[in-house]
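**Student:**
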Amino acid sequence: MKEDSERQNSPRVAVVGGGLLGLTLALRLRQAGARVTLFERDERVGGLASGASFGPYRWDRFYHVILLSDLRTRALLAELGLSERLRWGITRTGFYTDGGLYSMSNAIEFLRFPPLGLIDKLRLGATIFFASRVKDPRPLERMLATDWLRWWSGQRVLDRIWLPLLKSKLGENYRIASAAFIWAIIARMYAARRTGIKQEMFGAIDGGYELVNERLRSALLEAGVECRVGTPVREVPRHDGGVVVRVDGQPDEAFDAAVMATPPRVSALLCPDLPAPAHARLRDVPTQGVVCAAMLTRQPLSVYYVTNITDRWVPFTGVIEMTALVDKERFGGNSLVYLPLYLPVDDPAWSESDESLQARFLEALEKMYPHFDRDQVIDFTIARARNVLAISTLGYSDDVMPPVRADDSARWFISAARIAYGTLNVNETLGLVEAELPGLLRELGLRPGGAGPVAQAFEPPDPRAARAEVTS
Numbered sequence: 086m087k088e089d090s091e092r093q094n095s096p097r098v099a100v101v102g103g104g105l106l107g108l109t110l111a112l113r114l115r116q117a118g119a120r121v122t123l124f125e126r127d128e129r130v131g132g133l134a135s136g137a138s139f140g141p142y143r144w145d146r147f148y149h150v151i152l153l154s155d156l157r158t159r160a161l162l163a164e165l166g167l168s169e170r171l172r173w174g175i176t177r178t179g180f181y182t183d184g185g186l187y188s189m190s191n192a193i194e195f196l197r198f199p200p201l202g203l204i205d206k207l208r209l210g211a212t213i214f215f216a217s218r219v220k221d222p223r224p225l226e227r228m229l230a231t232d233w234l235r236w237w238s239g240q241r242v243l244d245r246i247w248l249p250l251l252k253s254k255l256g257e258n259y260r261i262a263s264a265a266f267i268w269a270i271i272a273r274m275y276a277a278r279r280t281g282i283k284q285e286m287f288g289a290i291d292g293g294y295e296l297v298n299e300r301l302r303s304a305l306l307e308a309g310v311e312c313r314v315g316t317p318v319r320e321v322p323r324h325d326g327g328v329v330v331r332v333d334g335q336p337d338e339a340f341d342a343a344v345m346a347t348p349p350r351v352s353a354l355l356c357p358d359l360p361a362p363a364h365a366r367l368r369d370v371p372t373q374g375v376v377c378a379a380m381l382t383r384q385p386l387s388v389y390y391v392t393n394i395t396d397r398w399v400p401f402t403g404v405i406e407m408t409a410l411v412d413k414e415r416f417g418g419n420s421l422v423y424l425p426l427y428l429p430v431d432d433p434a435w436s437e438s439d440e441s442l443q444a445r446f447l448e449a450l451e452k453m454y455p456h457f458d459r460d461q462v463i464d465f466t467i468a469r470a471r472n473v474l475a476i477s478t479l480g481y482s483d484d485v486m487p488p489v490r491a492d493d494s495a496r497w498f499i500s501a502a503r504i505a506y507g508t509l510n511v512n513e514t515l516g517l518v519e520a521e522l523p524g525l526l527r528e529l530g531l532r533p534g535g536a537g538p539v540a541q542a543f544e545p546p547d548p549r550a551a552r553a554e555v556t557s
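Okay, structure coming up:
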């Protein structure tokens, strides 16, 4: 009876958004004693980490990779009983520049890289080394990325390497990105080589992130969280000290609090009663989206997991050959390749048809890889996500980043836009939960309970065993 009474007196919380952020927040809130209802507009949970079909096979809709340094991700996998499904492999990196494909996977290949002279390479190496040593990136918010890179790398390296890469990630928004943006990218990728292995060792989940989503949803249901998928929320206004959640065709439902685990622009639409300055802060966060093609083909394009592209005529911004990491037998011996195109939210390319994009992408691949023939393609799909990445602009953390509390209502706004110094990935998303959860629980009068460890140390796997595990 006492337990039932405590359950009835615990706060009732709505979590709006069923991506990995919303799923993890819902689980932690329930573990702390809240009565939680999760709302997700799509029929499946997972958001950017949801799965898709490629011919007869299932894998991630957008590409994902796990680094050795992603301790939070690895801890969540352990909590969900999925550690044994994590597969490691040593990968290689390529560069497509000046119409040629070059390997840049170790120090020797870096020194041989033809597009840059020796002085250029030394300055580029110094830039990466310095960035990897920065502990407090806040001062980097005061300087544009292009100015910082020009200072450290020089104009030639900026023009030949950094500027094409910035444009590939941000389009024309590269002009407003701070040095903290490029620092976050360098720091994350440098972490892939920071172990004693001195090679890129990446990980993937056997089954993809769809398996993680399923385990998380099962954990939520077992814990007593109500998961309402296929339920698009129309509005979350404040009401009588709490909030109501409005869904078309259903009566309003009252909650003590709501957590908006949706992109800032979506949250602004769902909460039109916010004060004008707070509403504008959510609405006007500069964000980037991605149009991501995925191709199942009979032959691999190259030996590289990632190929960075600096030639501006190429219509996509990189080549991610997932089967350079994941065993091809999972796809019937075929290769799975992602071709991302990062775009500002107002770019005209959003209105281009899938057929037109496919034709342009395949034509470019045939030019880049002479052995490639579009007749080898088994399946070609295109996924789009408009509000993916908040751009770290000048003074982002102080002047642009949306606050967790936009007014005095019982609504919390927790989105990837709160990641000031990091690229958008699963590990950073889990770090956001870790950072914001204590304050949320205090406001709700709850204590953390049952959350798995997030900072335990992991020994790097033996690279020879990892290679055999992935390629055998």
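Residues in the sequence shown are numbered from 86 upward in steps of one, following our numbering. Even glycine gets a Cβ: it sits at the ideal position worked out from N, Cα and C. Predicted model, so just to flag it, every value in this text is computed and none were measured.
#1: Just tell me which of S436, S420, T316 has its CA closest to the CA of V375.
#2: Between the beta-carbon of N472 and the beta-carbon of T372, is there less than 8 Å?
#3: Just to check my reading of the structure: A308 and R120 have Cβ atoms closer than 8 Å, yes? What is that Cβ distance to the nearest angstrom?
#4: Give a yes or no on contact between the region 390-410 and the region 491-508, applying the rule of three or more CB pairs nearer than 8 Å.
#5: Go through its chain and collect everything with a Cβ distance to G535's Cβ below 6 Å, but skip five positions before and after it.
#6: Below 8 Å between beta carbons: does that hold for V298 and I476?
#7: Just grab the DSSP bridge partners of Y187 for me.
#8: Under 8 Å between the Cβ atoms of T158 and L517?
#9: When we look at the beta-carbon of S420 and count the other beta-carbons within 10 Å, is it buried (16 or more) or exposed?
#10: DSSP three-state call for D460: helix, strand or coil?
#11: I'd like to confirm the pairing. Which residues does DSSP put opposite C312 in its beta bridges?
#12: Which same chain residues, not among the five before or five after F198, have their C-beta less than 8 Å away from its C-beta?
#13: How long is the line joining the alpha carbons of G288 and R170, rounded to whole angstroms?
#14: Is the beta carbon of L367 sitting closer than 8 Å to the one on A353?
#15: Is there contact between the region 123-139 and the region 101-112, where contact requires at least three CB pairs shorter than 8 Å?
#16: Find the nearest neighbour of G202 within the set R350, R241, A216, H456, judged by alpha-carbon distance.
#17: DSSP three-state label for Q373, please.
#18: Would you kindly report the start and end of the unbroken alpha helix (DSSP H) that includes N512?
#19: Should V98 be labelled buried (16 or more other beta-carbon atoms within 10 Å of its own) or exposed?
#20: Would you be able to state if there are at least three C-beta pairs under 8 Å between the region 249-269 and the region 213-230?
#21: Per DSSP, which one or two residues make a beta bridge with A339?
#22: Buried or exposed for G480, going by 16 or more other Cβ atoms inside 10 Å?
#23: Find the nearest neighbour of I574 within the set S253, L153, R172, judged by alpha-carbon distance.
#24: Ordered along the chain, which non-local residues of its own chain (more than five positions away) have a Cβ less than 6 Å from that of A501?
#25: When the Cα atoms are used, what is the spatial distance from A468 to E406?
#26: Beta strand (DSSP E) containing S420: first to last residue?
#27: Beta-carbon within less than 6 Å of Y454's beta-carbon, same chain only, minus the 5 sequence neighbours each way: which residues are those?
#28: If you drop the 5 nearest sequence neighbours on each side, which residues of the same chain put their C-beta closer than 6 Å to that of R383?
#29: Let's see if you can read the secondary structure: which residues bound the alpha helix (DSSP H) around E406?
#30: List, from N- to C-terminal side, the beta strand (DSSP E) runs of 3 residues or more that fit wholly inside the region 160-241.
#31: Among F195, I290, T212, A361, which residue has its Cα nearest to the Cα of D492?
#32: Taking C-beta to C-beta, are Y148 and G256 nearer than 8 Å?
#33: Measuring alpha carbon to alpha carbon, tell me which of D244, D221, A304 ends up nearest A269.
#34: Find out if the Cβ-Cβ distance for the pair F498, V330 is shorter than 8 Å.
#35: Please go through the same chain and pick out, in chain order, the residues whose beta-carbon is closer than 7 Å to the beta-carbon of P429, but skip the five residues on each side of it.
#36: Can you tell me which of the three DSSP states L379 falls into?
**Tutor:** If we stick to the structure as given:
#1: Between V375 and the set S436, S420, T316, the nearest pair of CA atoms involves S436.
#2: With contacts defined by Cβ atoms closer than 8 Å, N472 and T372 form a contacting pair.
#3: That belief does not hold up - the Cβ atoms of A308 and R120 are roughly 11 Å apart, past 8 Å.
#4: As far as the Cβ criterion goes, the region 390-410 does not touch the region 491-508, which means the pair count is below three.
#5: In this prediction, G535 scores a pLDDT of 47, lower than 50, which makes its location untrustworthy; no coordinate-derived value is stated.
#6: Reading the sequence as shown, one finds Asn at residue 298 and not Val. If you check the CB distance, N298 and I476 do not come in under 8 Å.
#7: For Y187, which the question treats as bridged, DSSP gives the partners F180.
#8: 8 Å or more divides the Cβ of T158 from the Cβ of L517.
#9: Under this definition S420 is a buried residue.
#10: Shown here, D460 sits in a helix according to DSSP, grouped into three states.
#11: Among the bridge pairs identified by DSSP, C312 is matched with L123.
#12: Counting only Cβ-Cβ distances below 8 Å, and skipping sequence neighbours, we find F180, Y187, M189, K206.
#13: When rounded, the distance between both Cα atoms is 10 Å.
#14: Between L367 and A353, the C-beta spacing is below 8 Å.
#15: Yes: at least three Cβ pairs fall under 8 Å.
#16: Looking at the Cα atoms, R241 is the closest of the given residues.
#17: DSSP, reduced to helix, strand and coil, places Q373 within a strand of the structure shown.
#18: From DSSP, the alpha helix (DSSP H) with N512 extends over 511-529.
#19: Answer is buried; the Cβ neighbour count reaches 16.
#20: Touching, per the Cβ criterion.
#21: The bridge partners DSSP lists for A339 are V329.
#22: G480 is exposed by the Cβ-count criterion.
#23: The question about residue 574 has no answer, for the chain in this structure spans 86 to 557.
#24: Excluding residues up to 5 positions away in sequence, L509 lie with their Cβ nearer than 6 Å to the Cβ of A501 in the same chain.
#25: Each residue's CA atom was taken as its position, placing A468 and E406 some 17 Å apart.
#26: Counting along the chain, the unbroken beta strand (DSSP E) around S420 starts and ends at 420-429.
#27: Around Y454: L386.
#28: So the list reads N419, Q461, once near-sequence residues are dropped.
#29: Not the alpha helix (DSSP H): E406 falls in the beta strand (DSSP E), residues 403-406.
#30: The qualifying runs are 171-175, 178-182, 185-188.
#31: The candidate whose alpha carbon is nearest that of D492 is A361.
#32: If you check the CB distance, Y148 and G256 do not come in under 8 Å.
#33: Of D244, D221, A304, the residue nearest in Cα terms is D221.
#34: No. Outside cutoff.
#35: Contacts found: G256, E257, N258, Q373.
#36: The amino acid at residue 379 is misidentified as Leu; the sequence shows Ala. Three-state result, A379: strand.
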